[in-house]
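When we follow my numbering, the leftmost residue of the sequence shown carries the number 1062, and every step to the right adds one.
Where is the CB? At the ideal position from N, CA and C, for every residue including glycine.
Before any comments, here is the structure.
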Amino acid sequence: MPVIKVLPHPEYAPEGAEIQAQPGDSICEVLLDNHIAIEHACDMSCACTTCHVIVREGYNSLNELDENEEDLLDRAWGLTPQSRLSCQAIVARENLVVEIPKYSINHAKENH
C-alpha cells in the first residue's frame, strides 16, 4: 500500500504526516480521510484551485493531467512543474511526498 508523506504545513499538518493510501483514491480524498482538512471549495469537482498541492516525489506515478486541470492550475498560487489539483491526482502504487502550498487563491474553508 503506498504511503503519502505530507510535508509540514503550519495549519493543515504542523508536524507533517505519513498516511497510507489506497491506489485509485485521489490525494485529496486520502488527506481528508486522515484528518488533514485541505481546502476543496468546489467539492472535488475540478472547478477551483484550492486543493493545489506540489508533488515533490512520485509525480510521474500519478495519472496524467487533463486539459481542464492544466487550465485551472495556471491560476494556482505557487505553481511549479510538479503542481497538481489533489482532487484530480490519483494515487497509484508508488509512495508520494506532497507539499501543501502556504497560500491558495480562495481562503474559504469547509469543515469535514
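State the start and end residues of the unbroken beta strand (DSSP E) segment that holds residue i.
i	result
A1078	A1078 to Q1081
L1140	Neither: L1140 is in no beta strand (DSSP E) and is coded neither H nor E.
L1068	Segment: none, L1068 is in no beta strand (DSSP E) and carries neither H nor E.
E1160	L1157 to E1160
Classify residue i as buried or exposed, calling it buried when 16 or more other Cβ atoms lie within 10 Å of its own Cβ.
i	result
G1119	buried
E1171	The pLDDT assigned to E1171 is 40, lower than 50, so where the model puts this residue is not dependable; a value taken from the coordinates is nonetheless given after this. Its Cβ having fewer than 16 others within 10 Å, E1171 is exposed.
S1106	exposed
E1131	exposed
H1096	exposed
Near residue i, which residues of its chain fall below 8 Å by C-beta distance, leaving aside the five closest residues on each side in sequence?
i	result
H1173	Residue confidence for H1173 is low, a pLDDT of 41 falling below 50, so the modelled location carries little weight; the figure read from the coordinates is stated next. Excluding residues within five positions, the ones whose Cβ falls inside 8 Å are L1093 and A1098.
N1156	P1063, V1064, I1065, K1066, E1118 and G1119
E1079	V1064, I1065, K1066 and V1067
Among the candidates the options, whose CA atom is the shortest distance from the CA of residue i?
i	options	result
T1110	N1124, R1117 and C1089	C1089
P1084	E1100, N1095, L1140 and N1124	N1124
Q1081	T1141, V1158 and L1126	V1158
R1154	A1074, W1138 and D1086	D1086
P1142	S1122, Y1164 and V1116	V1116
L1126	D1104, H1101, L1140 and S1144	S1144
W1138	K1163, A1102 and D1104	K1163
Among residues of its own chain, excluding the 5 on either side of residue i, which ones have a beta-carbon nearer than 6 Å to its beta-carbon?
i	result
G1077	V1067, L1068 and P1069
Excluding sequence positions up to five away, which residues of its chain have a Cβ less than 7 Å from the Cβ of residue i?
i	result
L1146	C1107, T1110, C1112, H1113, E1130, L1133 and L1134
Q1149	S1087, C1107 and E1130
Y1073	I1097, A1098, I1099 and I1161
- Which runs of the alpha helix (DSSP H), 4 residues or longer, sit entirely within the region 1093-1137? As far as the region 1093-1137 is concerned, its whole alpha helix (DSSP H) runs of at least 4 residues are 1128-1134.
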